[in-house]
Amino acid sequence: MNKKVVLLDGNSLAYRAFFALPLLNNDNGIHTNAIYGFTMMLMKIIQEEKPTHMLVAFDAGKTTFRHQTFREYKGGRQKTPPELSEQFPFIREVLDSFHVKRYELENYEADDIIGTVAREASQQGAEVKIITGDRDLLQLVSPQTTVAITRKGITEVDEFTPDALFDKYSLTPKQIIDMKGLMGDTSDNIPGVPGVGEKTAIKLLKEFETVENVYDKLDQVSGKKLKEKLELHKDQAIMSKQLATINQESPIAITIEDLDYEGFQGEDVVPVFKNLGFNSLLDKLDVKVEQGEAEQLDSITFKMVEEINGDILKNDSALLVEVQEDNYHRAAIQGFGIQNMAGCYFIPTEIALQSNEFCEWLADESMTKFTFDAKRAIVALKWMGVELKGIDFDLLIAAYLLDPAETDKDFRTVAKMKGSHAVYSDEEVYGKGAKRSVPDSSIVADHVARKAHVLHEVKQLFVDELQKNNQYDLLTSLELPLTYVLADMEYTGVKVDSSRLQNMGEELSKQLKQMELDIHSLAGGEFNINSPKQLGVILFDKLNLPVMKKTKTGYSTSADVLEKLKHHHEIIEKILQYRQIGKLYSTYIEGLLKVVYKDTSKIHTRFNQVLTQTGRLSSTDPNLQNIPIRLEEGRKIRQAFVPSEEGWMMFSADYSQIELRVLAHIAGDKGLIEAFHHNMDIHTKTAMDVFGVPEDQVTSNMRRQAKAVNFGIVYGISDYGLSQNLNITRKDAAAFIQKYFDSFPGVKEYMDRIVQEAKQQGYVTTLLQRRRYIPEITSRNFNLRSFAERTAMNTPIQGSAADIIKKAMIEMYERLQKEQIRARLLLQVHDELIFEAPKEEIEILKTIVPEVMEHAVELQVPLKVDYAYGSTWYDAK
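Okay, here's the thing in structure tokens:
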């Protein structure tokens, strides 16, 4: 059988993979993009090349024999990113699992190892294939040796035989060394002859063949300047050729026989892939991996509690309150899991909640507990008349702070972040969708006890990482206290006047019917306005409006298309209005009426504390953040939100331009800081600076444009984005942005600085140390990288604003309790807090709410709060 020897340049391929793919993390927080890309290449090579012998060569260290010749060899190289360095041990682990030989040699480079093995293999008549990203290895091309150079991506290569090399460079393999001698190599800091590039080097070698011949016949070189350069740098050229020459006689301690490759066993690779989280690559392995069956976990010891006594109710206990329904308001509790120094226990719900001793322990603030999804537990228990206090750690929130991008919040996924595999997923136990159900009580008991056990096991690992990231205080001083505030708000709910909503619905329904008649009249016939296909026929076939975009099914009638057609026909404006009113009716009239609790006449929303990557709160069932306020009909929906008691009023307070104030603080821009200190209208101030006019000459249009820039800058707006917002040319938009940066140079400096920090660290932070990881910041894809840069600019601003309002909520809640004020905090919507209070307390709120909110965090600029009050949320404006 003919030998086929495949040689891989380990360092080169790892670097290529690292920079070709965005930064990826697995469940254990390890960066895996280089490992993943390298493994993809390895699997493709094994499959396509079918080697009989295989070796991956690595550099052994920074110093090689070449440094004795030239101390500055490779001196200009940037330090290997730590995110890549940490991946090399795992790349070696992958190679071992594939049974691929790897080798490195002190004082020599991977190139030298490959060159020596290639020479020996060729002498034995073997076919040799070298795979690398380094063109230096082209000097090893021979009739027996092909060199494949990786190009864009991680799996595409250019293959060089002697003929292919000559076609590309008009040089022989050995002349590649001479070319490097003349032109140098900036990546390796090989100097060459300054001013001689690739074209000139190739031209010289075509004529003179070698560097030595160039100098032997220097008088025949045409061009006075070139001759002078060559003469001046002769020693440097000779040395550069020497540095570029691969040592094919390296003292390696391996033979071709040592590289014998018989393939790999899937069962050796599977555990490594599982540990790395390479699920997609598992599918590509030709091995049977059981799918659809829950893995059998090790048994754990727990006690099924039949009678509660003080022996199991300890301080510092892991407590798991099992509530499976998505909407945990009034949801059933499947049981309680406890793990502490005394042992692991499962307590059935009826036994737990009938025990005064257990309920007192839950409510005892001095008995510290740690849990998973505290808010869910607190609210579910509140509906049963039981208080839960003393929680000093929440695993779900801890995991969110460490990795806000992780969308899977199942207990098992979170536990796997720290390597724990001792628990099933909730989906495996309860099923999914329509098949979801509560299994046998023994299965539930085991599942809940496991969760408590694992929670106890991993807590300290999460605490350690939070402390390492300087985020533990963010958990204990902000997010955990906020959990109690949000739980109270959710349980309290906000009263909705259903009759008002129904009346609004009837009014909107009438409007929709009239609009439908008007649209049909303009169209010259009846059709289904909600059918894009029928609407497309009317607009583009019947009315002959210009076609903007087509889809697979016909004409596009999306909102952006209709906006561009507004000036072509009056029907377009009517259709846009029809859609807006239709959405109001279905989403906010019918939608809100569905979620009003009949016995309380209240909406009990759920605030999402672990969803957004910026730290902002959102809400579910219903989403109260999205009630439209630009349309008067939308604003009127707030009229249905009313106080829950007679003689009470709604009180609203919101931060004025908080994100711009945070930007002024973070950027330290003197102009912005001064404007806020003088209580200037910031949009007018921006217009004055950008347009170069005094305050009394700022027109409403100037202010509107300045406002668009101010808020656009916060989100890293591009000239294209601004041009779309203001309906101006990109050139004018770019000039506008440049004028802004000229006026506020501190903002530009901040943006440049934060992008660089994100590239170096892989994340950005808020004022309170909330992190957002931005792996795409190093992507070679321009669009991905641009989005990542905008994210890096915006997150510290938006995230800090979110942290500030969260801190204000906690302090406001504590102030109301401390001063025994009856007013209640009901809702948080963006930068606005909504309270209900007795009329006689309104004067108190007018004083203490701005006081607390404006001093939640001290910035270089003052925070400003506007407030209003009235008989409904709509009136509190």
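If you're matching positions, the sequence shown starts at 47 in this note's numbering and goes up one per residue. Where is the CB? At the ideal position from N, CA and C, for every residue including glycine.
Item	Value
CA-to-CA distance, SER544 to THR918, given in whole angstroms	13 Å
Contact under 8 Å by Cβ, TYR61 with GLY179	yes
Collapsed DSSP secondary structure at PRO485 in the structure displayed	coil
Cβ shell of ALA164 (< 7 Å), same chain only, five flanking positions each side left out	LEU53, VAL174, ILE176, LEU186 and THR191
Reference LEU67, options ILE81, ASP55, GLY56 and SER58, closest by Cα	ILE81
Burial state of ASN590, where buried means 16 or more other Cβ atoms lie within 10 Å	exposed
Close Cβ partners of HIS145 (< 6 Å) along its chain, the five nearest in sequence each way excluded	PHE310
Three-way DSSP call (helix, strand, coil) for PHE254 in this model	helix
Residue range of the alpha helix (DSSP H) that includes ASP158	156-169
Sequence-distant residues of the same chain with beta carbon closer than 8 Å to GLY582, five excluded per side	GLY600, TYR601, SER602 and THR603
DSSP beta-bridge partners of TYR149	ALA103
Residue environment, PHE881, which counts as buried when at least 16 other CB atoms sit within 10 Å	buried
Complete runs of the beta strand (DSSP E) confined to the segment 334-412 [at least 3 residues]	363-368, 381-386 and 389-393
Residue ranges of each beta strand (DSSP E) within the segment 758-828, 3 or longer	809-811 and 817-819
Spatial neighbours of ALA838 in its chain, beta-carbon cut-off 7 Å, leaving aside the 5 residues before and after	ILE800, VAL801, ALA804, VAL810, ILE820 and ILE823
Limits of the alpha helix (DSSP H) - the one that THR893 falls within	888-900
Of the residues THR666, PHE757, LYS226 and GLU691, the one placed nearest SER702, counting alpha carbons only	PHE757
Sufficient close CB pairs (3 or more, under 8 Å) joining the segment 416-426 to the segment 361-369	yes
Close beta carbons around PHE212, own chain, < 8 Å, minus the five adjacent residues each side	THR218
Proximal residues to SER363 (C-beta, below 6 Å), its chain only, five neighbours per side dropped	ILE384, ASN386 and LYS415
Given TRP496 as reference, the closest of PHE382, CYS405 and SER58 once Cα atoms are compared	Before going on, a small fix: residue 496 reads as Arg here, not Trp. Comparing Cα-Cα distances from ARG496 to each of PHE382, CYS405 and SER58, the minimum goes to PHE382.
Three-state secondary structure (DSSP) of ILE575	coil
Cβ contact (3+ pairs, closer than 8 Å) linking the segment 835-849 and the segment 78-94	no
C-alpha gap between LEU813 and ALA533, whole angstroms	25 Å
Three CB pairs or more closer than 8 Å across the segment 317-333 and the segment 349-362	no
Buried versus exposed call for GLU339 [16 or more other C-beta atoms within 10 Å across all chains shown]	In this prediction, GLU339 scores a pLDDT of 41, lower than 50, which makes its location untrustworthy; no coordinate-derived value is stated.
Contact set for TYR631: own chain, Cβ-Cβ below 6 Å, skip 5 residues either direction	LEU554
GLY570 in three-state terms, based on DSSP	coil
Simplified DSSP assignment, three categories, for PHE111	coil
For ALA444 and SER698, believed in contact at Cβ under 8 Å, the rounded distance	The pair is not a contact, with the Cβ atoms about 33 Å apart (cut-off 8 Å).
Nearest-angstrom Cα separation, counted from GLY83 out to PRO98	Correcting the residue identity first, residue 98 is Thr in this sequence and not Pro. Their backbone Cα atoms lie some 23 Å apart in a straight line.
Contact set for SER664: own chain, Cβ-Cβ below 7 Å, skip 5 residues either direction	ASN654, LEU657, THR658 and GLN671
For SER296, the three-state DSSP class (helix, strand or coil)	coil
TYR786 versus GLY238: straight-line alpha-carbon distance, rounded	46 Å
Close-in-space but distant-in-sequence residues of the same chain around VAL688 (CB under 6 Å, 5 per side omitted)	LYS541, ASP543 and THR918
Nearest candidate by alpha-carbon position, reference GLU720, set LEU327, VAL907 and LYS505	VAL907
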